[in-house]
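Participant: There's a structure below that I have some questions on.
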Ligand code: NI
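In our numbering, the protein residues as written are 404 to 697.
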């Protein structure tokens with residue numbers, strides 16, 4: 404009875420098994436599919452061995468072309484996720500026109516750190532925008548803070564990977580410090596930094612040529628790394644501030660973050676509006692050096 408049925412349907416069973424095996428084999432190919440054009444990685448890019456969950460995934464892909472393609476897929480997924488998670492529009496998300504408003508830019512260097520989230524909450528509460536010049540080495544550890552920075556409407560700039568003086572590095576080392584930071588920021592937050600603050604403000608012709616990014620310095624420095632008194636830091640900034648200034652702070656000191664409410668309130672009382680660097684300096688050239696709005 405059973406063998407009769409098997410004989411009758413043997414062809415059908417074979418066909419079904421054949422299709423099933425074919426489908427399993429196809430699904431097991433784990434190279435990225437559907438990516439037609441693949442941009443080349445610049446030869447001076449150094450690829451980060453130790454970072455990221457994705458890197459485990461990316462390590463499986465051996466060629467640089469496939470690596471770039473996979474990174475693009477990851478980046479697209481992040482963009483979609485970011486768009487879904489973005490909260491409703493706040494004042495921070497609105498563009499500030501510095502030709503009309505009297506703008507000032509607050510900038511925070513050397514983070515992200517354990518104080519950065521608290522700082523973001525203060526800025527959100529007071530609806531003030533800022534620019535964060537981050538060190539690549541800390542970006543992964545504070546990935547969710549980096550995402551919040553972008554959601555909240557702040558700008559992210561590059562402060563190199565490990566805070567080395569760029570003027571003493573070889574072009575290859577310099578590129579690694581800069582490109583690796585751009586890459587990890589992009590992977591974590593979905594945006595690529597377009598501005599650079601060289602550590603110690605150290606710039607020479609090689610840095611300008613190699614980085615190919617505008618160098619953003621500062622016009623007000625309250626020395627918050629030495630002066631750990633929040634009210635003194637705030638007083639220095641508020642008394643010095645004028646339209647177009649770029650204020651240097653560091654979100655790696657509790658005292659600097661504590662100073663921010665008084666800084667924001669004091670600058671607003673002087674009629675100043677908070678802008679990102681891109682809003683303050685909309686005309687900046689590719690490789691110029693900027694320390695305030697002209
Ligand atoms: Ni620094």
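Backbone N, C-alpha and C define an ideal beta-carbon position, used for all residues, glycine too.
Based on Cα-Cα distance, which residue from 661, 618, 645 and 679 lies nearest to residue 561?
Facilitator: Minimum Cα-Cα distance from residue 561 among the listed residues 661, 618, 645 and 679 corresponds to 618.
Participant: Looking at ligand 1, does it come within less than 6 Å of residue 624, judged from the CB to the closest heavy atom?
Facilitator: no
Participant: With respect to the beta strand (DSSP E) encompassing residue 510, which residues constitute its N-terminal and C-terminal limits?
Facilitator: Counting along the chain, the beta strand (DSSP E) containing residue 510 begins and ends at 506-512.
Participant: Residues near ligand 1, CB to any non-hydrogen atom under 6 Å, in chain order?
Facilitator: 512, 513, 562, 566 and 602
Participant: Taking only three categories from DSSP, how would you classify residue 414?
Facilitator: When secondary structure is reduced to three states using DSSP, residue 414 falls in the helix class.
Participant: By alpha-carbon positions, which one of 626, 585 and 592 ends up nearest to residue 557?
Facilitator: 592
Participant: Roughly how many angstroms separate the alpha carbons of residue 602 and residue 538, rounded to a whole number?
Facilitator: 10 Å
Participant: Counting along the chain, where does the beta strand (DSSP E) carrying residue 594 start and finish?
Facilitator: Run containing residue 594: none; DSSP gives neither H nor E here.
Participant: Going by beta-carbon coordinates alone, are residue 578 and residue 599 separated by less than 7 Å?
Facilitator: no
Participant: Since residue 574 contacts residue 542 with CB under 8 Å, what's their CB separation in whole angstroms?
Facilitator: That belief does not hold up - the Cβ atoms of residue 574 and residue 542 are roughly 23 Å apart, past 8 Å.
Participant: With DSSP collapsed to three states, give me the class of residue 446.
Facilitator: Because the pLDDT of residue 446 is 40, which lies under 50, any placement of that residue in the model is unreliable, and the number read from its coordinates should be weighed accordingly. Of the three classes helix, strand and coil, the one that applies to residue 446 here is coil, per DSSP.
Participant: Quickly, what does DSSP pair residue 612 with across the bridge? List them, please.
Facilitator: Its beta-bridge partners do not exist; DSSP assigns none.
Participant: Compute the distance between the beta-carbons of residue 666 and residue 621, then report whether it is under 7 Å.
Facilitator: Against a cut-off of 7 Å, the Cβ pair of residue 621 and residue 666 comes out as no contact.
Participant: Just the C-alpha distance for residue 527 and residue 423, rounded to the nearest angstrom, thanks.
Facilitator: 54 Å
Participant: Just reading off the beta strand (DSSP E) that residue 519 is part of, what are its end residues?
Facilitator: That residue, residue 519, is in no beta strand (DSSP E); its alpha helix (DSSP H) goes 519-529.
Participant: In three-state DSSP terms, what is residue 607?
Facilitator: The answer is coil: DSSP assigns residue 607 none of H, G, I, E or B.
Participant: Does residue 535 pass the burial test, meaning 16 or more other C-beta atoms within 10 Å, or should it be called exposed?
Facilitator: buried
Participant: Between which two residues does the beta strand (DSSP E) harbouring residue 559 extend?
Facilitator: 558-561
Participant: Output yes or no for whether 7 Å exceeds the beta carbon distance between residue 627 and residue 636.
Facilitator: yes
Participant: Enumerate in chain order the residues of its own chain whose CB-to-CB distance from residue 692 is below 7 Å, with the five nearest sequence positions on each side excluded.
Facilitator: 606, 618 and 620
Participant: Under a three-way DSSP split, which group does residue 690 fall into?
Facilitator: coil
Participant: Do you know offhand how far residue 651's Cα is from residue 426's?
Facilitator: 58 Å
Participant: How close, in whole Å, do the beta carbons of residue 519 and residue 533 come, if the pair is a contact with beta carbons under 8 Å?
Facilitator: 11 Å between Cβ atoms; not a contact.
Participant: Buried or exposed for residue 414, going by 16 or more other Cβ atoms inside 10 Å?
Facilitator: exposed
Participant: Could you tell me the distance, in whole angstroms, from the CA atom of residue 657 to the CA atom of residue 551?
Facilitator: Spanning the two alpha carbons is a distance of roughly 19 Å.
Participant: Using the C-alpha atoms, what's the distance from residue 612 back to residue 563?
Facilitator: Each residue's Cα considered, the two are about 15 Å apart.
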